[in-house]
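Note sheet for the following structure.
In my numbering, the protein residues as written are 44 to 432.
Okay, structure coming up:
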């Protein structure tokens with residue numbers, strides 16, 4: 044049935060359109076976006092959303108869980124994905140990429156196989172768009188919250204096994220370019236259509252910039268778990284800030300990265316190449332307390348997730364909150380902040396043909412927000428999956 048949203052402000056994302064109508068086709072796609080006066084009058088539900096904003100649905104391409112779910116820690120991948128899918132749409136997310144890690148090669152293969160099978164099922168809320176492997180080929184010196192025993196050197200045999208287990212569902216892998224054998228593994232994953240992201244790396248500037256000019260096209264949680272910037276040795280961060288093409292993740296919870304550093308990243312890369320992510324863990328959406336992550340105990344205090352030694356262990360951020368923070372503290376327009384959480388991740392993963400912008404022909408996977416980025420409605424492929432009007 045055709046659905047019309049009318050009287051709304053639309054973020055396209057490059058412009059803000061007032062007094063607009065959006066028509067959703069029977070097939071769950073956007074059929075019309077334009078002026079209210081010129082919109083065709085069709086039979087079907089009419090939703091009066093005056094005073095609210097319609098934007099492309101948000102996409103989180105780096106998340107470990109939330110609302111009690113920790114991807115890979117439960118007994119059933121499908122059950123966990125469904126619980127998370129139904130909850131995360133309340134934060135404006137219409138698509139997500141679960142991040143997986145495991146203590147050894149065989150455990151990781153089992154985890155990938157289970158999730159690859161689960162991803163073929165329909166979700167009750169947000170779409171599960173693929174898998175992100177955060178490691179295992181990362182630098183132990185920049186491992187963050189990962190147990191040191193979970194980290195190992197790149198192996199072509201293991202890389203091939205990972206790709207076979209994923210059956211085409213692996214979207215991204217985080218890989219430290221300075222490790223022996225990393226270049227060959229990156230080439231293998233890139234040839235398979237996987238986004239290779241530089242992260243958990245202690246690479247110097249020359250190594251990092253060479254990687255970003257080859258098979259590494261993305262950066263995992265910029266500023267965090269990577270060699271920082273110094274004026275005589277710019278490090279991996281300097282390579283990111285001076286790159287002319289890489290897309291770079293940002294955890295904009297105002298805890299992982301200072302607002303001044305956020306502004307520097309945006310000035311260097313522009314609003315087209317910054318990708319907002321949550322890197323959220325099981326405690327997202329839950330009260331402060333003690334939780335488990337990657338075989339370690341995580342203590343959440345004032346919304347901050349840390350190990351006993353104070354190391355950050357993911358976040359408890361919500362993506363709509365990160366959008367609001369970018370607008371309020373990052374110095375960007377709301378339309379740009381939304382783009383960083385919708386079109387930019389869609390482009391990074393090769394999904395911009397159907398997701399990430401409000402144009403006719405795209406999937407009607409969208410979110411209705413107020414000016415504070417609170418979610419009032421979420422729609423996935425034309426189906427309303429969350430409503431708070």
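Glycine included, every Cβ here is placed at the ideal spot set by N, Cα and C.
(message) Given this structure, state the Cα-to-Cα distance separating residue 84 from residue 398, to the nearest angstrom.
(response) 26 Å
(request) Counting only the same chain and skipping the five closest in sequence on each side, list residues whose C-beta sits under 6 Å from that of residue 431. (result) 419
(message) Rounded to whole angstroms, what is the Cα-Cα separation between residue 50 and residue 375?
(response) 25 Å
(request) May I have the straight-line CA-CA distance separating residue 147 from residue 392, to the nearest angstrom? (result) 27 Å
(request) Just tell me which of 276, 219 and 328 has its CA closest to the CA of residue 113. (result) 328
(message) Classify residue 414: buried if its beta carbon has 16 or more other beta carbons within 10 angstroms, exposed otherwise.
(response) exposed
(request) Out of 65, 44 and 47, point me to the one whose CA is closest to residue 400's CA. (result) 65
(message) For residue 102 and residue 292, I'd like the C-alpha separation in whole angstroms.
(response) 12 Å
(message) I need the boundaries of the beta strand (DSSP E) containing residue 156, first residue and last residue.
(response) Careful: residue 156 lies outside any beta strand (DSSP E), inside the alpha helix (DSSP H) at 148–161.
(request) Go ahead and label residue 364 buried or exposed: buried means 16 or more other beta carbons lie within 10 angstroms of its beta carbon, across all protein chains shown. (result) buried
(message) Using 8 Å as the threshold, is the C-beta distance between residue 434 and residue 261 below it?
(response) Missing from the structure shown is residue 434; the chain here goes from 44 to 432 and no further.
(request) For residue 388, name the three-state secondary structure that DSSP assigns. (result) helix
(message) Distance check for residue 99 and residue 60, CA to CA, integer angstroms please.
(response) 13 Å
(message) Taking 7 Å as the limit between beta carbons, can you name the residues of its chain near residue 225, skipping five residues before and five after?
(response) 180, 197, 218 and 219
(message) Buried or exposed, going by whether 16 or more other CB atoms sit within 10 Å of the CB of residue 368?
(response) buried
(message) For the pair the stretch 182–190 and the stretch 149–169, tell me if three or more CB-CB distances fall below 8 Å.
(response) no
(message) Looking at residue 321: is its Cβ nearer than 8 Å to the Cβ of residue 361?
(response) yes
(request) Give the single residue among 159, 242 and 129 whose Cα lies nearest to the Cα of residue 183. (result) 242
(message) I'd like the ranges of any beta strand (DSSP E) spanning at least 3 consecutive residues and lying wholly in the stretch 304–368.
(response) 317–320, 332–336, 339–344 and 347–349
(message) Do residue 110 and residue 142 have their beta-carbon atoms positioned less than 8 Å apart in this structure?
(response) no
(request) Check whether the Cβ atoms of residue 67 and residue 403 sit closer than 8 Å, and answer yes or no. (result) no
(message) If you reduce the DSSP assignment to three classes, tell me which class residue 233 lands in.
(response) helix
(message) Nearest by alpha-carbon distance to residue 299: which of 264, 234 and 333 is it?
(response) 264
(message) Our contact map puts residue 246 next to residue 270 with C-beta atoms below 8 Å; I'd like the distance itself, whole angstroms only.
(response) 6 Å
(request) Please go through the same chain and pick out, in chain order, the residues whose beta-carbon is closer than 6 Å to the beta-carbon of residue 336, but skip the five residues on each side of it. (result) 324 and 356
(request) Could you pull the start and end residues of the alpha helix (DSSP H) that residue 126 belongs to? (result) 120–131
(request) For my contact list, residue 138 and residue 170 are in at a C-beta cut-off of 8 Å; report their separation, rounded to the angstrom. (result) 5 Å
(request) State the Cα-Cα distance for the pair residue 107 and residue 81, rounded to the nearest angstrom. (result) 44 Å
(message) My assumption, with CB atoms under 8 Å, is that residue 155 sits in contact with residue 229. Please give the rounded CB distance.
(response) With a Cβ gap of about 18 Å, residue 155 and residue 229 do not count as contacting.
(message) Once DSSP output is grouped into helix, strand and coil, what is the label at residue 102?
(response) strand
(request) Give me the Cα-Cα distance between residue 296 and residue 304, rounded to the nearest whole angstrom. (result) 12 Å
(request) Classify residue 192 as helix, strand or coil using the three-state DSSP reduction. (result) helix
(request) Could you spell out where the beta strand (DSSP E) holding residue 268 opens and where it closes? (result) First-last for residue 268: undefined, no H or E at that position.
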